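**Student:** Numbering (my numbering), first residue to last: 55 to 517.
#1: What number of angstroms, rounded off, separates the C-alpha of residue 130 from the C-alpha of residue 159?
#2: How should residue 180 be labelled, buried or exposed, when 16 other C-beta atoms within 10 angstroms of its C-beta is the threshold for buried?
#3: Looking only at its chain, what residues have a beta carbon closer than 6 Å to the beta carbon of residue 174, apart from the 5 residues adjacent to it on each side?
#4: Helix or strand or just coil, what does DSSP make of residue 62?
#5: Just list the alpha helix (DSSP H) runs in the segment 109 to 174, keeping only unbroken ones of 4 residues or longer that don't cross its boundaries, in chain order.
#6: Taking one C-beta from the segment 314 to 332 and one from the segment 343 to 360 each time, how about it: are there three or more such pairs within less than 8 Å?
#7: Residue 109 to residue 418, Cα distance in whole Å?
#8: Rounded to the nearest angstrom, what separates residue 333 and residue 106 at their Cα positions?
#9: With distance defined between alpha-carbon atoms, name the residue in 471, 463 and 266 nearest to residue 153.
#10: Could you pull out every unbroken beta strand (DSSP E) segment of at least 3 residues lying fully inside the segment 200 to 264, listed in chain order?
#11: How long is the line joining the alpha carbons of residue 59 and residue 459, rounded to whole angstroms?
#12: Here's the rule I'm using: 16 or more other beta-carbon atoms within 10 Å means buried, otherwise exposed. How should residue 246 be labelled?
#13: Please state whether DSSP places residue 382 in a helix, a strand or coil.
#14: Tell me the residue span of the beta strand (DSSP E) that contains residue 310.
#15: Would you mind reading off the limits of the beta strand (DSSP E) that contains residue 483?
#16: Using DSSP with H/G/I as helix, E/B as strand and the rest coil, what is residue 31?
#17: Mapping DSSP to helix, strand and coil, what is residue 105?
#18: Between residue 384 and the rest of its own chain, which residues show a CB-CB distance below 8 Å, the 5 nearest in sequence each way excluded?
#19: Terminal residues of the continuous beta strand (DSSP E) containing residue 438?
#20: Whose C-alpha, out of 252, 212, 201 and 270, is nearest the C-alpha of residue 231?
#21: Check each candidate in 194, 171 and 425 and name the one with the smallest Cα separation from residue 495.
#22: Under DSSP, the alpha helix (DSSP H) around residue 82 begins and ends at which residues?
#23: I think residue 439 touches residue 241, with their Cβ atoms under 8 Å apart; what is that distance to the nearest whole Å?
#24: Compute the distance between the beta-carbons of residue 389 and residue 244, then report whether it is under 9 Å.
#25: With DSSP as the reference, please indicate the residues paired to residue 270 in a beta bridge.
#26: Taking just the CA atoms, how far does residue 300 sit from residue 457?
#27: Look up residue 463 in the DSSP assignment and say whether it is helix, strand or coil.
#28: Grab me the residues of residue 143's own chain with a C-beta within less than 6 Å of its C-beta, minus the 5 sequence neighbours each way, in chain order.
#29: Helix or strand or just coil, what does DSSP make of residue 194?
#30: Please report the Cβ distance between residue 490 and residue 162, rounded to the nearest whole angstrom; I am assuming they are in contact, meaning their Cβ atoms lie under 8 Å.
#31: Is the segment 258 to 267 touching the segment 206 to 214 in the sense that three or more CB pairs, one from each, lie closer than 8 Å?
#32: Residues in the same chain with beta-carbon distance under 7 Å from residue 508, minus the five sequence neighbours each way, listed in chain order, please.
#33: Our contact map puts residue 436 next to residue 484 with C-beta atoms below 8 Å; I'd like the distance itself, whole angstroms only.
#34: Start and end of the alpha helix (DSSP H) containing residue 322?
#35: Spatial neighbours of residue 88 within its chain, please: C-beta separation below 6 Å, excluding the five flanking residues on both sides.
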């Protein structure tokens, strides 16, 4: 058995880490993934580890049981507990690149999914779930959407809503409905890559308007409206992707006034509002006629639903939007829509969202601790915008991280239009796509160590 001072994997139990037995199990998993513990290494007896960590024996017993459930440990009778030979590859990429919600804290998602589907199947005609439906969602689906949007927009007329197969489809449909080929769309310099993809495919031009830490600059927006006569303004004002900034109310009001004065419609893509601590009112609540509002369930609940709610108050705009949507997406999957509606109207969606929010904030605290001196997040949402030391470029860092088995997303991936990214020395780190906290901890630790090294040192080490 290793001496106490030779246990580098020994966890530092923290208030943000959740149940202590899980912190111990996560530390074991991270140590195995990082090679600090090798197959065949003997672990301390449970009583001895309990004494080292100042916890009760039951906590360590539960931790060892959980580690065995994860196929990390094996018991060998009186000889003790040993690190097991891996049954799955431990060198899989640690994905800090995909922005998905984390597993909800305190909930069994598999059980929630099974219960929800069971309730849907018991309460619906299965034939109706497997046939064509009119686009835009059923009456009950739109009622669920109105309930979901109430925290953001207040009471919403369900007739003003369109149910879409995800936010990306909604963005593409809004471009088709509100612009013509060759038209200009204004956006922030760093933004959601799906906007650029859709605009490029549809023959529209994106012009980036300068921003500061509070969002798009009003004077620059005014100038861009006069110069380019844009057809559309795209904004993601709450926990913006990728910068994780939230636009304050005064800036929102200023931008809305400029858009109104210049007769420019706004598409407000707002997937993270419900995850934010104290978000300002959406743009759509400030100018309901001016704004087409998109709220997806992919970031607050799960991307597998492929359900987004779009609020278009103007009936003519709503009809144009639905016509555009039908040109490439006839309908939301009826089964997905029924499950989303069941979860919302039955209340399960709010428990799931709260679990996602709680886990996301816990993971932000983890990132703040492990990326000390570099973390600059807001403490909520699904991602961190990490500014790099001057000796790393985003592309260099992403390539070096990939060699270390870590996926991150460099700033270049988020450039809107012809925006100059030379001065943007940052990467986006997504905190939700790695299911196990132990593996997330391992990824953040590896990334922190990599950031502390210069590219030349890294190159020399891998040659």
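Ideal Cβ placement from N, Cα and C applies to all residues, glycine included.
Keep in mind it's a predicted model, so treat the numbers as computed, not measured.
**Tutor:** A quick look at the data gives this:
#1: For this step, residue 130 is matched to residue 76 along the chain shown. For this step, residue 159 is matched to residue 105 along the chain shown. Near 33 Å, if we compare the C-alpha coordinates of residue 159 and residue 130.
#2: One-based indexing of the chain shown puts residue 180 at position 126. Per the 10 Å Cβ criterion, exposed.
#3: By one-based count along the chain shown, residue 174 stands at place 120. Excluding positions up to five away in sequence, the list reads 392, 393 and 396.
#4: One-based indexing of the chain shown puts residue 62 at position 8. Coil.
#5: 111 to 123
#6: yes
#7: Along the chain shown, read from residue 1 onward, the residue named residue 109 stands at position 55. Along the chain shown, read from residue 1 onward, the residue named residue 418 stands at position 364. In this structure, the straight-line span from the alpha carbon of residue 109 to that of residue 418 is close to 25 Å.
#8: Along the chain shown, one-based indexing puts residue 333 at 279. Along the chain shown, one-based indexing puts residue 106 at 52. About 43 Å.
#9: One-based indexing of the chain shown puts residue 153 at position 99. That would be 463, whose Cα lies nearest to the Cα of residue 153.
#10: 215 to 218, 238 to 241 and 259 to 262
#11: As a first step, residue 59 must be located in the chain shown, where it is residue number 5. As a first step, residue 459 must be located in the chain shown, where it is residue number 405. The predicted model places residue 59 with a pLDDT of 46, which falls under 50 and marks its position as unreliable, so this point remains unresolved.
#12: The sequence position of residue 246 within the chain shown is 192, counting from 1. Residue environment analysis places residue 246 among the buried positions, since at least 16 neighbouring C-beta atoms fall within 10 angstroms of its C-beta.
#13: For the purposes of this step, residue 382 is taken as residue 328 along the chain shown, with counting starting at 1. If DSSP states are grouped into helix, strand and coil, residue 382 belongs with coil.
#14: By 1-based counting over the chain shown, the position of residue 310 is 256. No beta strand (DSSP E) holds residue 310; the alpha helix (DSSP H) holding it covers 303 to 315.
#15: As a working note, residue 483 is residue 429 in the chain shown. Taken as a continuous stretch (DSSP letters only), the beta strand (DSSP E) holding residue 483 covers 480 to 484.
#16: Given a span of 55 to 517 for the chain in the structure shown, any question on residue 31 remains unanswerable.
#17: In the chain shown, the residue the question calls residue 105 occupies position 51. Helix.
#18: Taking the chain shown and counting its residues from 1, one reaches residue 384 at position 330. The answer, listed in chain order, is 186 and 189.
#19: Translated into the one-based positions of the chain shown, residue 438 becomes position 384. Segment 437 to 441, the beta strand (DSSP E) holding residue 438.
#20: What you label residue 231 is simply residue 177 of the chain shown in a count that begins at 1. Looking at the Cα atoms, 252 is the closest of the given residues.
#21: For the purposes of this step, residue 495 is identified with residue 441 of the chain shown, where counting begins at 1. Out of 194, 171 and 425, 425 has the C-alpha closest to the C-alpha of residue 495.
#22: For the purposes of this step, residue 82 is identified with residue 28 of the chain shown, where counting begins at 1. Per DSSP, residue 82 belongs to the alpha helix (DSSP H) from 74 to 88.
#23: The residue you call residue 439 lines up with position 385 of the chain shown. The residue you call residue 241 lines up with position 187 of the chain shown. Residue 439 to residue 241, Cβ: 17 Å. No contact.
#24: By 1-based counting over the chain shown, the position of residue 389 is 335. By 1-based counting over the chain shown, the position of residue 244 is 190. For residue 389 and residue 244, no; Cβs fall outside 9 Å.
#25: Counted from its first residue, the chain shown places residue 270 at position 216. Residue 270 pairs with 265.
#26: The residue given as residue 457 occupies position 403 in the chain shown. The residue given as residue 300 occupies position 246 in the chain shown. Residue 457 and residue 300: Cα-Cα distance of roughly 33 Å.
#27: Reading the chain shown from its first residue, position 409 is the one you call residue 463. Correct three-state label for residue 463: strand.
#28: In the chain shown, the residue the question calls residue 143 occupies position 89. With a pLDDT of only 48 at residue 143, under the threshold of 50, the placement of this residue in the model should not be trusted; the figure read from the coordinates follows. Correct list: empty, nothing qualifies.
#29: Taking the chain shown and counting its residues from 1, one reaches residue 194 at position 140. Three-state result, residue 194: helix.
#30: Along the chain shown, one-based indexing puts residue 490 at 436. Along the chain shown, one-based indexing puts residue 162 at 108. Contact flag wrong, Cβ pair sits at about 15 Å.
#31: Contact fails: fewer than three Cβ-Cβ distances are below 8 Å.
#32: Mapped onto the chain shown, residue 508 falls at position 454. Its chain contains 445 as the residues whose beta carbon lies nearer than 7 Å to that of residue 508, once the 5 sequence neighbours on both sides are disregarded; these appear in chain order.
#33: By one-based count along the chain shown, residue 436 stands at place 382. By one-based count along the chain shown, residue 484 stands at place 430. Yes, they are in contact, since the Cβ atoms of residue 436 and residue 484 sit about 6 Å apart, within 8 Å.
#34: The residue given as residue 322 occupies position 268 in the chain shown. For residue 322, no alpha helix (DSSP H) encloses it; the enclosing beta strand (DSSP E) starts and ends at 319 to 323.
#35: On the chain shown, residue 88 is found 34 positions in, with the first residue counted as 1. 496.
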